[in-house]
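Working notes, beginning with the structure itself.
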Amino acid sequence: MAEQARTVIPGEHFTISYAGFNRPWAAWISHQLEQLGHGTTLLRWDPGAEGSLIDALSDLLQAPGRILLLLDNWYFRLGPRTRDEWVTALREVVPPNAERFAAVSVATESLPSTVAALRPVDLRELAAAEARRRILRRLDIDPAATIPVNGTEKAPRFPLDPPEIRKTPRRNDRFTGRDPVLEKLHDLLTAGGDEGARCSLYGISGVGKSQIAQEYAHRFGNAYDVVYWVSASYRGTAREQLAQLADRLGLPVGQEIGDRIRAVHEALRIGRPYGRWLLVFDGADYMDQVEDLIPEGRGHVLLTTLTRDWSATGRTQEIEVLPFLREESVAYALRRAPRLTSGEADDLADAVEDLPLLLAQTAAWLDTNPMPAREYVALIRRGEPSQVGIGIGENYPMSFQTSWSITLNTLRDRTPEAAELLKVLAFFSPDAIPVRLIQSARARDLPEHLATLAADPIGWHTALRRLSEATAVRLDYETTSGQETVVDTVQMHKLYHGFLRNDLSEDERDKLSVTTCRILVRADPRRPTEPGEWHRYAELFPHLKHSGALESTDEDVQDLVLNCINYLRTRGEYRTGLALCEQALARWRGRIPPTRRIMLIATLQHTNLLRRSGRYREAEAVGRSVVHAFSDRAPDDPDLLTARNALGGALLALARFREARELYDDMHRQYQRTVGAESPRTLQARENLGLALGLLGRYEDALEAHDENVVVRTRLYRADNPDTLRSGLSSAWMLRLLGRYAEAMSKQELNLRLHRQRLGANNPETLRAEHNLALCMRRQGELSGAEQLMSSVVARCAQVQGPRHPETLMMQADFATFTREHGNLDQSRELSGTVAERYRDLVGEDHPYAIGTRGNTGLVLWEYGEREAALDIAERALVGMRRAVGEDHPWALGCALNASGARHLAGNEEDALELSRHNLRQAVRIMGDTHPLTLSSKAALADDLRSLRRAEEAGKLEREALQQLTDTLGAQHPHTMSVRRRERPYWDFEPQPI
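Numbering (the numbering used here), first residue to last: 296 to 1289.
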């Protein structure tokens, strides 16, 4: 009857009083009421530690309308206040004002007895519709006056429905205060509107930046579809974690990390499949290491950092995080160590200068040790640096080292096994210490005391719990396949991580480094190129630095380092792999001879990573230095041949084609003689030789080499082996360059099917196979299919490889020439210009790829009628290409064809005729009578003769060209039809894969 005694009128106002911890519930309830026409005010409850709780509760009556108390565990803890205080305050305030008060509860703990007067309704473990019905009934609102829950796009999500994707650290149940910072952060991020926003929390280490970010992700997380946490202290780890979001978003991507990150960036930018997202980059202290990982779009980015570099860019708002306010310090200390009085908590806060990390450490110690608080505080105040020998920065109080010394000594005295375990943890990366890896290590790889502890599951877990209770260590749990909950990883604050390592003697550090390295070596799957093992290497490589693996003289440890480098190279993480490789080499040089196996492999990896990073000249220099180191070896020495192979890749990238051909030709003969014609090394050398021959324009010779490899590899490895597929692709590529378009297209169609089946649609090799098929279709006149396939592969390659990768530029160059001929001139002009500039930046303006793609821009100007500009570009391309590759190279013949056409269009008929006549003679000699480039040169000469009124000679050449085109390509082939229409022939430069 009581529920029916009161009728709510439309437009009534409600004030919702809530503890900050449960803001999602307050926001959701507010939305439900406002959708029905009622007004609401959200009032965060924080009574403080001082003053009367009766007065604080009575002050709520000053708020407008009825007061809805959102009760949870935190609501009664704030202050903190005792249960007796709550019982008294509720008895005094609620009954006389029963008409003003109502309550809902999401508490999981028992409530004070006098809460009954509020008649709270329980919302735990309910679906949204039932929770809404109960709230409305409690407020005397007809639940039938309904609209769909979450009926609008920006409606708050029901608190028990998590974001569609959520990856965050566990919520800190002891989080205290910081409400002004959290509200300011919320305001700054939401102020960005549809443009999105970035905000950085900056301050000294230990001030609580990460804890604030965690609380924000939980407190405001229901406003987002995606809440995702990235540990940004190390670039490799940050990239790996960001790439994992691709799977969570359901994006169709391959295994390459770069592919995945670019797909994630694009999905977040366009807001599909989710438009409301929050990404947290924790520990983003080095902006240059992670700036390229920050996404654009309508979502929000939150960074924690030690510096103000992010705000200096002008794109990121910033909030300085300061130590606790004193009342926050006191509240936290009282909650963490309930035995303290308010005065003792104040003394402790003063001693540690309100620094949250240190307050957490000291309060935890007091909670587990019987020493009187005032005695402990006095001990901290008297502390001197000599007690522990740990240096600290000027931003930190001396109590840091004193309290840490006390904690360590207590651990050593009471739980020595936990203290010894803590030392081992300090030799792993602090962000994710793999304790399960340590526990599963072989007993002989661990010190005796640690092996005994690892063999005792109960003792192991007890030691970890003790560390969590007494130190700045956080445990992350995982449920095993057997449904057992275990500690998977541990996080240690970097400040304590560094202090702990510095507190060790040199002898202790050396022994612990050996132990840690053994654990990591044992976990090495030793298959860095296998995608199925990549997740294991992603877990291992962040620990190399902290474990001392880079300094180790143990060959097994050095092999682990090399395997991690190889993993990064194979995964496409060239920047991270190059950095790790250079760190290892810097430590190994001077103590390992350059001819030792370890140094040889590391230096070759260095060469490859430099080349794959576009640093070709450095790759050449390193490659030559390795070859020189083996100069006293026999020509067929395996190490020398391996070194020469790495050098050859750099030479090809630098367009030193002749030198590379000579090198690979010699290597091929050496391998044939020493290991046989069908050895994998011989086949690889033949493949490289074929590549060099193709780049020299010797297409027939290159085709012969690739076809021979196809036969042998198919017999030895099967048709769908990646090496066989690569040989088949190279064969079809050469057939196309020889003008045998129908045969090339038939081979490439089968080759692409096998690529897709074996490697997947987005593998770089598959993309290259698709691209070649698109070019075959174009040359065969299947323009619609060619355009569709080419535009698709260009877009995907830019996503997989990046917009400036050589493979992307190669495909974009070909797409630009296609759109010039069959599509959009403006698009072609922009794209061809961009490609030419990027090639110039990548390889230099004298490289044939830079020259050729610059020449392609002249053909666009040709179409626009900008004849003088087109002529200037064509003449420069001709001179540059002849200088780069020689006058007899097909690329030089093609540039000559374009230059004669530009002269013709500019009215220089005599000069055009002279160049065309010379070019035809060259083409016949180099390419043969019936190659498409030769026939284009013949048609161009006929056009020049016709313009000079030498019709009989022109007619004869034209008829010959048409007949030869009809015989080789067919009467209806686009090339034949173009000559029949007397369109001026041209040549598109096509960069080749290296």
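Just so it is clear, CB atoms sit at the ideal spot from N, CA and C, and this is done for glycine as well.
Note on LEU1236: 16 or more other CB atoms within 10 angstroms of its CB, so buried under the neighbour-count rule. Counting along the chain, SER724 sits inside no beta strand (DSSP E), nor does DSSP assign it H or E at all. The beta carbon of VAL730 is closer than 6 Å to those of VAL782 and VAL785 in its chain, skipping five residues each way along the sequence.
With fewer than 16 other Cβ atoms inside 10 Å of its own Cβ, HIS923 counts as exposed. Annotated as distal: PRO1227 and VAL1180, with beta-carbon spacing of 7 Å or more. Burial state of HIS830 is exposed, judged by a 10 Å Cβ sphere holding fewer than 16 other Cβ atoms. Scanning the region 746-815 for uninterrupted alpha helix (DSSP H) segments of 4 residues or longer gives 752-765 and 789-797, listed from N- to C-terminal end. In this structure ARG631 is in contact with ALA655, their Cβ atoms being roughly 7 Å apart against a cut-off of 8 Å. With respect to the 7 Å criterion, ALA938 and PHE925 are classified as neighbours on the basis of their beta carbons. Per DSSP, the unbroken beta strand (DSSP E) holding TYR497 starts and ends at 492-497. Judged by DSSP in its simplified three-state form, THR403 adopts coil rather than helix or strand. Judged by their CB atoms, ASN517 and PRO454 are nearer to each other than the 7 Å cut-off. Bounds of the alpha helix (DSSP H) holding ASP542 are 530-543. Between the C-alpha atoms of ILE565 and ASP489 there is a straight-line separation of about 11 Å.
Here DSSP, grouped into helix, strand and coil, assigns ARG1198 to helix. For the 7 Å CB-CB criterion, ILE311 and LEU337 form a contact.
Relative to LEU947, the option among ASN903, ALA351, GLN967 and ALA1165 whose CA is nearest is ASN903. When the beta-carbon positions are compared, VAL672 and ALA644 stay at least 7 Å from each other. The three-state secondary structure of LEU1104, taken from DSSP, is helix.
Residue state for TYR581 is assigned as coil, using DSSP reduced to three classes. Residue TRP323 holds the alpha-carbon nearest to the alpha-carbon of PRO451 among ARG1198, TRP323, GLU1285 and LEU1047. Take SER842, set aside five residues on each side of it, and the residues of its chain with a beta-carbon closer than 7 Å to its own are PHE722, PHE723, SER808, THR811, CYS812 and LEU815, in chain order. For the pair GLY498 and VAL596, the CB atoms are not nearer than the 7 Å cut-off. Taking C-beta separations shorter than 7 Å and ignoring five residues to either side along the sequence, the partners of ARG376 in its chain run PRO342 and LEU348, following chain order. If one requires a minimum length of 3 residues, no beta strand (DSSP E) run lies completely within the region 972-1006. When DSSP assignments are scanned along the region 1067-1145, the uninterrupted stretches of alpha helix (DSSP H) that are 4 or more residues long and fall wholly within it turn out to be 1078-1096, 1101-1117 and 1120-1138. For THR865, the closest C-alpha among the options ALA658, ASP1239, ASP604 and GLY827 is that of GLY827. Counting C-beta atoms within 10 angstroms of its own C-beta, GLN1075 has 16 or more neighbours from the protein chains shown and is therefore classed as buried. The Cβ atoms of ASN1004 and LEU978 sit closer than 7 Å to each other. For GLU387, the closest alpha carbon among the candidates ASP354, ILE1168 and ASP641 is that of ASP354. Judged by DSSP in its simplified three-state form, ASP417 adopts strand. Of all C-beta pairs linking the region 514-532 to the region 458-466, three or more are shorter than 8 Å, placing the two stretches in contact. Between the C-alpha atoms of GLY944 and ARG769 there is a straight-line separation of about 47 Å. At the C-beta level, SER1195 and LEU1173 stay beyond 7 Å of one another. For the pair ALA397 and ARG433, the CB atoms are nearer than the 7 Å cut-off.
If you look at VAL596, you'll find it in the beta strand (DSSP E) that goes 595-600.
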